[in-house]
Amino acid sequence: MKSPKIIKSELLEVALPLTTTYTTGFGTIKDRNTLLVRLEAEDGYVGWGEAAQLKEPIYLEEWVNGSWYFITEFLFPLVNHKSLSSAEFASAAAHFRRNNISKFAVETALWMIEAKRQKISYAALVGGQRTIVESGAAIGIQKSIEATVEVVKKKRALGYKRMKLKVQPGWDYEVVKAVREKFPDAVLMVDANSSYTLAESNRLKKLDQFGLIMIEQPLGFDDIIDHAKLAKLLTTPICLDESICSVNDACKAIELKACKIINVKPARVGSLYAAQQINRLARENNIQLWCGGMLEADLGKIANLAAASLSEFSLPADISDWRSYFWYRYSGG
8 MKSPKIIKSE
18 LLEVALPLTT
28 TYTTGFGTIK
38 DRNTLLVRLE
48 AEDGYVGWGE
58 AAQLKEPIYL
68 EEWVNGSWYF
78 ITEFLFPLVN
88 HKSLSSAEFA
98 SAAAHFRRNN
108 ISKFAVETAL
118 WMIEAKRQKI
128 SYAALVGGQR
138 TIVESGAAIG
148 IQKSIEATVE
158 VVKKKRALGY
168 KRMKLKVQPG
178 WDYEVVKAVR
188 EKFPDAVLMV
198 DANSSYTLAE
208 SNRLKKLDQF
218 GLIMIEQPLG
228 FDDIIDHAKL
238 AKLLTTPICL
248 DESICSVNDA
258 CKAIELKACK
268 IINVKPARVG
278 SLYAAQQINR
288 LARENNIQLW
298 CGGMLEADLG
308 KIANLAAASL
318 SEFSLPADIS
328 DWRSYFWYRY
338 SGG
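Residue 192 in our numbering is what sits at position 185 of the sequence shown, and the numbering runs on without skipping anything.
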């Protein structure tokens, strides 16, 4: 089926007020803006994609204002008045280095058009095999250990299958100990967002006693070698997140035995095609996968859910109800 010509491209910036501040090892987010890509095809089908960067380049190199310029000046010209499939766009966009979250927004808008034209689900187009994707809760650094325990209690009551606690040096052992003592049967993990160094491995080693399913990205965001060294020191499996920005990164991490688990954020690896390839790598190398999130709006969650339906995404995803983080006010009839 030949791809239709794209006759209109639009980019929107949307403010998403947070219900509460969200604190991690790399800072505190007090408000959230996201970019929405809208592509309209000549046959009337419309596709949407989301570029869920932060306001500042503190997670990766991208940020909202920079992404706006990159999408409008470099990516939209690739699709405007052209007949490109999502695969052809991904190939053309590879000419530009990184900026994966921006690329992902345009590519997924094309995926959506393709799914609509073929009258199949997003997940079916991606090749997903799972009909149910379990969801886990991501819990930011709270004001106290008691507050953390209370948030975990509420999330468990809502049915979330896994609790992820954000940690950093000085906010790790005691809070994990308290949660584990209160909820001995909880599926529990921690996420450090690159806030430790290899010299602090003894601090991380103390977490082995709590039966965590993983420690996510404890060391540098672009480091694979030190994670391989740390993996030999811990019994808790290491999960890599920020370090995996491409299929090649995943290959290197697996070869060096830097992790047993990979958090695949489709936007971070830049393409659903990359997510598919990492899925194949995981199947061939006995690596577990799960789908992370970037505090997306529902548009971004749709693409994430499609990726999470792939065969090797066996652990609960960070795909939550939007009301977990955002609020809105509606006025009207």
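Positions of the beta carbon are idealized from the N, C-alpha and C atoms, including for glycine. None of the values given here were measured: they were computed from a predicted structure.
Hey, how far is the Cα of D305 from the Cα of I36?
Within the sequence shown, the letter at position 298 stands for residue 305. Within the sequence shown, the letter at position 29 stands for residue 36. When rounded, the distance between both Cα atoms is 19 Å.
Could you tell me which residues DSSP puts in a beta bridge with Q175?
As a first step, residue 175 must be located in the sequence shown, where it is residue number 168. DSSP output for Q175 lists W178 as bridge partner(s).
Can you give me the Cβ contacts of K9 inside the same chain, cut-off strictly under 7 Å, excluding the 5 residues immediately before and after it?
Counting from 1 along the sequence shown, the entry for residue 9 is found at position 2. Counting only Cβ-Cβ distances below 7 Å, and skipping sequence neighbours, we find S90.
Would you say A313 and Y129 are within 8 Å of each other, going by their C-beta atoms?
On the sequence shown, residue 313 is found 306 positions in, with the first residue counted as 1. On the sequence shown, residue 129 is found 122 positions in, with the first residue counted as 1. Their beta carbons are under 8 Å apart, which means A313 touches Y129 by this criterion.
For V158, which residues of its own chain have a beta-carbon under 7 Å away from its beta-carbon, when the five flanking residues on both sides are left out?
As a position in the sequence shown, residue 158 is number 151, starting the count at 1. Once the five neighbours on either side are set aside, the close Cβ partners of V158 are I146, Q149.
Is I269 helix, strand or coil when you go by DSSP?
Indexing the sequence shown from 1 puts residue 269 at position 262. In this structure, I269 counts as strand in the three-state DSSP scheme.
What does the Cβ neighbour count give for I285, buried or exposed, with the cut at 16 atoms within 10 Å?
Here residue 285 refers to the residue found at position 278 of the sequence shown. Counting Cβ neighbours within 10 Å, I285 comes out buried, since at least 16 surround it.
So, do the segment 91-106 and the segment 10-22 have three or more beta carbon pairs nearer to each other than 8 Å?
yes
Please classify G166 as buried or exposed, where buried requires at least 16 other C-beta atoms within 10 Å of its C-beta.
Position 159 of the sequence shown, counted from the start, is the residue given in the question as residue 166. Exposed.
Opposing strand residues paired with A2 [DSSP bridges]:
For the chain, the structure presents residues 8 to 340; residue 2 sits outside this window and is missing.
Identify whether G73 lies in helix, strand or coil by the three-state DSSP scheme.
Here residue 73 refers to the residue found at position 66 of the sequence shown. Helix at G73.
Just the C-alpha distance for K272 and D248, rounded to the nearest angstrom, thanks.
Translated into positions along the sequence shown, residue 272 becomes position 265. Translated into positions along the sequence shown, residue 248 becomes position 241. Distance between the alpha carbons of K272 and D248: 8 Å.
Over the uninterrupted alpha helix (DSSP H) stretch that includes Q295, give me the two end residues.
Here residue 295 is taken as the residue at index 288 of the sequence shown, counted from 1. Per DSSP, Q295 belongs to no alpha helix (DSSP H); it is in the beta strand (DSSP E), 295-298.
List the endpoints of the continuous beta strand (DSSP E) containing N255.
Here residue 255 corresponds to residue number 248 of the sequence shown, with the count starting at 1. Here N255 belongs to no beta strand (DSSP E); instead the alpha helix (DSSP H) covers 254-262.
Any idea which residues DSSP pairs L19 with across the strands?
The residue labelled residue 19 in the question sits at position 12 within the sequence shown. DSSP lists L43 as partners of L19.
Which of the three DSSP states is assigned to I120 in this structure?
Taking the first residue of the sequence shown as 1, we reach residue 120 at position 113. The answer is helix: DSSP assigns I120 an H, G or I state.
Are I268 and A257 touching if we call contact CB-CB under 8 Å?
Looking up residue 268 in the sequence shown gives position 261. Looking up residue 257 in the sequence shown gives position 250. No.
Could you check where the beta strand (DSSP E) with E57 kicks off and where it finishes?
By 1-based counting over the sequence shown, the position of residue 57 is 50. It spans 53-58 - the beta strand (DSSP E) in which E57 sits, taken as one unbroken run.
Answer yes or no: do R275 and L132 have a C-beta to C-beta separation smaller than 8 Å?
The residue you call residue 275 lines up with position 268 of the sequence shown. The residue you call residue 132 lines up with position 125 of the sequence shown. Taking 8 Å as the Cβ cut-off, R275 and L132 do not qualify as a contacting pair.
For V133, the first and last residue of its enclosing beta strand (DSSP E):
Translated into the one-based positions of the sequence shown, residue 133 becomes position 126. No beta strand (DSSP E) holds V133; the alpha helix (DSSP H) holding it covers 129-133.
Bridge partners for M196 per DSSP, in chain order?
Taking the sequence shown and counting its residues from 1, one reaches residue 196 at position 189. For M196, which the question treats as bridged, DSSP gives the partners K171.
Just to confirm, is the Cβ distance from K212 to A235 under 8 Å?
Reading the sequence shown from its first residue, position 205 is the one you call residue 212. Reading the sequence shown from its first residue, position 228 is the one you call residue 235. Not closer than 8 Å, so no.
Within its chain, find whatever has a CB closer than 6 Å to the CB of D198; leave out the 5 residues flanking it on each side and keep chain order.
Taking the first residue of the sequence shown as position 1, residue 198 is located at position 191. K171, K173, E223, listed in sequence order.
Residue from Y52, E57, Q60 whose Cα sits closest to the Cα of K126:
Start at 1 with the first residue of the sequence shown, and residue 126 comes out as number 119. Looking at the Cα atoms, Y52 is the closest of the given residues.
Does P24 come out as helix, strand or coil in the three-state DSSP assignment?
Indexing the sequence shown from 1 puts residue 24 at position 17. Coil, per DSSP.
Report all residues from its chain with a CB closer than 7 Å to the CB of T79; omit the five preceding and five following residues, and keep chain order.
Within the sequence shown, the letter at position 72 stands for residue 79. Taken in chain order, the residues that qualify are L18.
To which residues of the same chain is K308 closer than 6 Å at the C-beta, ignoring the five residues directly before and after it?
Counting from 1 along the sequence shown, the entry for residue 308 is found at position 301. Here the set comprises I326.
Chain-order list of residues whose beta-carbon lies under 8 Å from that of V21 (same chain, five-residue window excluded)
Here the question's residue 21 lines up with position 14 in the sequence shown. Excluding positions up to five away in sequence, the list reads N40, T41, L42, L43, A304.
Between which two residues does the alpha helix (DSSP H) containing I232 stretch?
Here residue 232 refers to the residue found at position 225 of the sequence shown. Where I232 is concerned, the enclosing alpha helix (DSSP H) stretches over 232-238.
Determine the contact status of V182 and T155, defining contact as a CB-CB distance below 8 Å.
Numbered from 1 along the sequence shown, position 175 holds the residue referred to as residue 182. Numbered from 1 along the sequence shown, position 148 holds the residue referred to as residue 155. The answer is yes: Cβ separation under 8 Å.
Cβ-Cβ distance between Q136 and S321 below 8 Å
The residue labelled residue 136 in the question sits at position 129 within the sequence shown. The residue labelled residue 321 in the question sits at position 314 within the sequence shown. No.
What does A324 pair with, by DSSP beta-bridge criteria?
Here the question's residue 324 lines up with position 317 in the sequence shown. A324 is bridged to S142.
May I have the straight-line CA-CA distance separating I294 from L279, to the nearest angstrom?
Mapped onto the sequence shown, residue 294 falls at position 287. Mapped onto the sequence shown, residue 279 falls at position 272. Their backbone Cα atoms lie some 18 Å apart in a straight line.
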